[in-house]
Amino acid sequence: MKSRLYKQYISTVLPELKKRLKASNVHSVPRLEKVVLNVGIGKLVREGDVLEKVRNNLAKISGQRPVVRNAKKSISGFKLRQGTPVGLMVTLRGDRMYYFVDKLINIVFPRIRDFRGIDPKSVDARGSLSIGIQDHVIFPEIGTEDMEPPHGLQITLHTTAQNREAGKELFILLGVPFGESSAS
Numbered sequence: 009m010k011s012r013l014y015k016q017y018i019s020t021v022l023p024e025l026k027k028r029l030k031a032s033n034v035h036s037v038p039r040l041e042k043v044v045l046n047v048g049i050g051k052l053v054r055e056g057d058v059l060e061k062v063r064n065n066l067a068k069i070s071g072q073r074p075v076v077r078n079a080k081k082s083i084s085g086f087k088l089r090q091g092t093p094v095g096l097m098v099t100l101r102g103d104r105m106y107y108f109v110d111k112l113i114n115i116v117f118p119r120i121r122d123f124r125g126i127d128p129k130s131v132d133a134r135g136s137l138s139i140g141i142q143d144h145v146i147f148p149e150i151g152t153e154d155m156e157p158p159h160g161l162q163i164t165l166h167t168t169a170q171n172r173e174a175g176k177e178l179f180i181l182l183g184v185p186f187g188e189s190s191a192s
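Quick note: this note's numbering has the sequence shown finishing at residue 192, numbered continuously throughout.
Next up, the structure:
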């Protein structure tokens with residue numbers, strides 16, 4: 009079954025975006041391509057079973073098993089050795105991606121304390137949106153037993169947009185809450 013956000017994209021967002029961007033056909037209209045969730049564990053990796061706990065939390069949040077990202081090079085200043093786990097990553101596509109973005113917009117953002125919207129400058133030149141979440145506890149899947157260790161995560165929504173303006177229009181029509189720019 010298709011997600012609510014996907015149905016909204018097909019029925020209302022796609023025709024409106026085609027009209028606003030003056031696109032010649034529906035295939036040239038920007039769409040969500042993938043969502044990447046990333047958690048850096050850094051110093052926490054030395055604390056025993058932290059990697060497993062963070063892996064379980066990210067799996068609950070995304071509905072998909074995360075991949076462990078290892079250090080490519082040794083850096084003595086950070087006490088880092090090649091092959092040491094430094095983070096976890098999940099790439100969501102298709103239905104899971106739309107379900108996650110719908111949950112992010114309608115459930116997670118309203119749960120953030122003092123949330124004033126996402127800075128419009130978070131949309132890059134290729135039309136992708138990058139969001140940093142400071143505490144993973146705001147996700148509804150995380151219970152009280154999953155609060156330790158506290159960690160944040162980075163969420164990147166990749167689009168097929170060719171420029172910043174087209175990507176921002178897509179996110180506005182999908183319902184992403186943008187605030188005022190911080191440097192006005």
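From the three backbone atoms N, C-alpha and C, an ideal C-beta is built for every residue, glycine too.
From a predicted model like this one, the values you see are computed outputs, not experimental measurements.
Pull up the distance between the alpha-carbon of valine 37 and that of glycine 95, whole angstroms please.
Taking the first residue of the sequence shown as position 1, residue 37 is located at position 29. Taking the first residue of the sequence shown as position 1, residue 95 is located at position 87. One C-alpha to the other measures close to 34 Å.
So what's serine 82 in DSSP terms, helix, strand or just coil?
Walking along the sequence shown from the start, residue 82 turns up at place 74. Three-state result, serine 82: coil.
Quick one: is histidine 166 buried, meaning 16 or more other Cβ sit within 10 Å of its Cβ, or exposed?
The residue given as residue 166 occupies position 158 in the sequence shown. Result: buried.
Counting C-beta neighbours from all protein chains within 10 Å, is the total for glutamate 177 16 or more, i.e. buried, or is it exposed?
Looking up residue 177 in the sequence shown gives position 169. It counts as buried.
Alpha carbon of serine 11 to alpha carbon of proline 157, nearest angstrom
For the purposes of this step, residue 11 is taken as the residue at position 3 of the sequence shown. For the purposes of this step, residue 157 is taken as the residue at position 149 of the sequence shown. Going from the Cα of serine 11 to the Cα of proline 157 covers about 32 Å.
Could you check if arginine 63 is buried or exposed, using at least 16 other CB atoms within 10 Å of its CB as the buried criterion?
The residue labelled residue 63 in the question sits at position 55 within the sequence shown. Looking at its Cβ environment, which holds 16 or more other Cβ atoms inside 10 Å, arginine 63 is buried.
Assign valine 131 to buried or exposed, taking buried as 16 or more other Cβ atoms, counted over all protein chains shown, within 10 Å of its Cβ.
As a first step, residue 131 is located in the sequence shown; it is residue number 123 there, counting from the start. Answer is buried; the Cβ neighbour count reaches 16.
Asparagine 64 - DSSP class collapsed to helix/strand/coil
The residue given as residue 64 occupies position 56 in the sequence shown. Asparagine 64: helix per DSSP, three-state reduction.
Is it the case that the region 147-156 contacts the region 182-189, given that we only count it when at least three CB pairs across the two stretches are under 8 Å?
no
In the DSSP assignment, find the beta strand (DSSP E) that holds lysine 111 and state where it starts and stops.
The residue you call residue 111 lines up with position 103 of the sequence shown. Unbroken run through lysine 111 is the alpha helix (DSSP H), 102-111; no beta strand (DSSP E).
So valine 76 packs on histidine 159, CB below 8 Å; how close in whole Å?
On the sequence shown, position 68 is the one that residue 76 refers to. On the sequence shown, position 151 is the one that residue 159 refers to. Not really, about 14 Å apart at Cβ, beyond 8 Å.
Completely contained alpha helix (DSSP H) runs for the region 17-51, where each covers 4 or more residues:
List check, alpha helix (DSSP H) in window: 22-28.
If the criterion is Cβ atoms closer than 9 Å, does the pair tyrosine 107 and tyrosine 17 meet it?
On the sequence shown, position 99 is the one that residue 107 refers to. On the sequence shown, position 9 is the one that residue 17 refers to. No. Outside cutoff.
Is the beta carbon of alanine 67 less than 9 Å from the beta carbon of valine 44?
By 1-based counting over the sequence shown, the position of residue 67 is 59. By 1-based counting over the sequence shown, the position of residue 44 is 36. Cβ distance not < 9 Å, so alanine 67 and valine 44 don't count as in contact.
Secondary structure of valine 76, DSSP reduced to three states:
As a working mapping, residue 76 is identified with position 68 in the sequence shown. Three-state DSSP puts valine 76 in a strand.
Please go through the same chain and pick out, in chain order, the residues whose beta-carbon is closer than 7 Å to the beta-carbon of glycine 125, but skip the five residues on each side of it.
Taking the first residue of the sequence shown as 1, we reach residue 125 at position 117. Closer than 7 Å at Cβ, skipping near neighbours: Pro185, Phe186, Gly187.
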